[in-house]
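Below is one structure, written out as C-alpha cells, with a few remarks after it.
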Amino acid sequence: MNHQNLLSVTRELLKPSTRQGIVLLSARELDKMRQVGKLAANLLKHLEPMVQPGVSTKVLNDEAERWMQAHGAISATLGYAPPGYPPFTGSICTSVNEVVCHGIPNSKQILKDGDIINIDVTPILNGYHGDTSRTFIVGNPSAVARKLVAVTQESMMRGIAEIKPGARVGDIGAAIQEYAEANGFSVVRDMVGHGVGRQFHTEPQIPHYGKRGSGLKLRPGMVFTVEPMLNEGTYNLKFLTDGWTVVTKDKKLSAQFEHTVAVTEEGVEILTL
Ligand code: MF3
Ligand code: CO
Ligand code: CO
506 MNHQNLLSVT RELLKPSTRQ GIVLLSAREL DKMRQVGKLA ANLLKHLEPM
556 VQPGVSTKVL NDEAERWMQA HGAISATLGY APPGYPPFTG SICTSVNEVV
606 CHGIPNSKQI LKDGDIINID VTPILNGYHG DTSRTFIVGN PSAVARKLVA
656 VTQESMMRGI AEIKPGARVG DIGAAIQEYA EANGFSVVRD MVGHGVGRQF
706 HTEPQIPHYG KRGSGLKLRP GMVFTVEPML NEGTYNLKFL TDGWTVVTKD
756 KKLSAQFEHT VAVTEEGVEI LTL
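Each residue of the sequence shown is one higher than the one before, starting from 506 at the first, in this note's numbering.
Following this line, the structure appears as C-alpha cells:
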C-alpha cells in the first residue's frame, strides 16, 4: 500500500462515524466512559509486569483477552474491520520498535532486551469504548529509545493540558509538535486521535501537529483520544501487506501514548488514568 492510499485508508477508518457527527456526551454517558476508561487503564497495569524479554506478543494478547472477559468486557479490536481493512485478529495491538501502530500479536514475535513495545487496549463495557495505550521498555533499551518514550509521553500530557472549553483542536497538536520537535523527534501526520464513545472511531479528528488557534472549538461533553506517535527519524509511514501493521518508512523507532479524555466545564478529565 503506498503513501497516497494510506491517507485515504486512514480517513476510511473514521468514515462510519461521519454519519453521526460530533457527539456531546451526557453526564450519564460520561459516567459509563469513566467506568470503561478505568477498566482500560487497569488492563494496561495488569499487563505491565508481563512485558519482559522472552514473552511473545501473543501471550500478552491472550492474557488481555482473558482479563477483559473476566471483567465483563469485550475487545473492540478483535474482528474490527473498517471499510478497506481485513478483520483485525488481535484483542489488543502490540507495536514493537519500528511499528508505529496496529501491530498484530503473534506467537513468533518474542520480546527481547532493548525492545520498546506499545500496547494499545480498547475494551467495550456496557456499550462504551475506553481507548488507551502506553509504550513499555523491555530490559535495557538504548538512550535514544528511552528518550523517545519519555518525550512521547510528555508530549501527550502537554497536548492534553491545552484542553478546555473554547480552546481549539490545533492547540493540542501545536503543543505536541513543539515539544516533540524541540527534542529532535518527528510527529506522525497520517494517524490521528478520534472521537470515542459508543463508537470506536468517530469525529472529531485530533491531529498531533498543527497551529495554535486553528481548528474545531472544544465544548464540554466532547470525548476523544489524544494519541501522539513520535518517530526517531522521518514521520513518513509504510503499511505492511497484512493490511494493518504501520511501520516507519526508515525503520527507525516509533513510540506512542494514548489517553481518552473528556472536555469538562472546568477543563479536561482524563478517563483512562
Ligand atoms: N486502538 C487503536 C486506536 O487508538 C485502534 C486499533 S484498531 C485495530 O485508535 F483494529 F488495529 F486494533
Ligand atoms: Co488505541
Ligand atoms: Co485511539
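Glycine is no exception: its CB is placed at the ideal position from the N, C-alpha and C atoms. Predicted model only: the values in this text are computed from it and were never measured.
Assuming residue i and residue j make a contact with CB atoms under 8 Å, what is their CB distance in whole Å?
{"i": "Thr637", "j": "His764", "result": "6 Å"}
{"i": "Ile668", "j": "Leu723", "result": "6 Å"}
{"i": "Lys754", "j": "Leu742", "result": "6 Å"}
{"i": "Gly720", "j": "Val752", "result": "In fact, because the Cβ distance is near 28 Å, the residues do not count as touching under 8 Å."}
{"i": "Arg639", "j": "Leu549", "result": "6 Å"}
{"i": "Phe641", "j": "Val556", "result": "4 Å"}
{"i": "Gln682", "j": "Gly715", "result": "7 Å"}
{"i": "Val728", "j": "Met538", "result": "6 Å"}
{"i": "Ala672", "j": "Leu630", "result": "Not quite, the Cβ-Cβ distance comes to about 29 Å (not below 8 Å), so this is no contact."}
Going by DSSP, what residue range makes up the beta strand (DSSP E) through residue i?
{"i": "Asp620", "result": "Careful: Asp620 lies outside any beta strand (DSSP E) and carries neither H nor E."}
{"i": "Met734", "result": "734–736"}
{"i": "His764", "result": "764–768"}
{"i": "Gly700", "result": "698–700"}
{"i": "Glu603", "result": "It is not in any beta strand (DSSP E) - Glu603 carries neither H nor E in the DSSP assignment."}
{"i": "Val731", "result": "728–731"}
{"i": "Thr562", "result": "Per DSSP, Thr562 belongs to no beta strand (DSSP E); it is in the alpha helix (DSSP H), 562–575."}
{"i": "Lys743", "result": "742–744"}
{"i": "Val751", "result": "751–753"}
{"i": "Ala760", "result": "759–761"}
{"i": "Arg533", "result": "Looking at the DSSP string, Arg533 is not in any beta strand (DSSP E); the run it does join, the alpha helix (DSSP H), is 532–552."}
{"i": "Val528", "result": "Element bounds for Val528: n/a, residue is neither H nor E."}
{"i": "Ser612", "result": "That residue, Ser612, is in no beta strand (DSSP E); it is neither H nor E in DSSP."}
{"i": "Ser638", "result": "637–642"}
{"i": "Leu630", "result": "628–630"}
{"i": "Thr707", "result": "707–711"}
{"i": "Val773", "result": "773–775"}
If the criterion is Cβ atoms closer than 7 Å, does the pair residue i and residue j meet it?
{"i": "Ser596", "j": "Ser580", "result": "yes"}
{"i": "Leu758", "j": "Asn602", "result": "yes"}
{"i": "Arg481", "j": "Gly632", "result": "This structure gives no information on residue 481, because the portion of the chain shown stretches from 506 to 778."}
{"i": "Ala760", "j": "Leu616", "result": "no"}
{"i": "Ile775", "j": "Val768", "result": "no"}
{"i": "His779", "j": "Val692", "result": "Because the chain here runs from 506 to 778, residue 779 falls outside it and cannot be looked at."}
{"i": "Gln614", "j": "Ser561", "result": "yes"}
{"i": "Ile527", "j": "Pro725", "result": "no"}
{"i": "Thr750", "j": "Val604", "result": "yes"}
{"i": "Val656", "j": "Asp620", "result": "no"}
{"i": "Gly542", "j": "Thr777", "result": "yes"}
{"i": "Gly781", "j": "Pro591", "result": "An answer regarding residue 781 cannot be provided, because it is not within the stretch 506 to 778 covered by the chain."}
{"i": "Ser660", "j": "Asn623", "result": "no"}
{"i": "Phe552", "j": "Leu565", "result": "The identity of residue 552 in the sequence shown is Leu, whereas the question assumes Phe. The answer is yes: Cβ separation under 7 Å."}
Which first and last residues belong to the alpha helix (DSSP H) in which residue i is found?
{"i": "Arg651", "result": "648–666"}
{"i": "Ile681", "result": "674–687"}
Which residues, in chain order, sit with a beta-carbon under 6 Å away from any heavy atom of ligand 3? Taken from the N-terminal end onward, the list reads Asp636, His699, Thr730, Glu732, Glu763.
Take every Cβ of the region 682–698, pair it with every Cβ of the region 731–748, and state whether three or more of those distances are shorter than 8 Å. The region 682–698, when compared against the region 731–748, does touch it at the 8 Å Cβ threshold.
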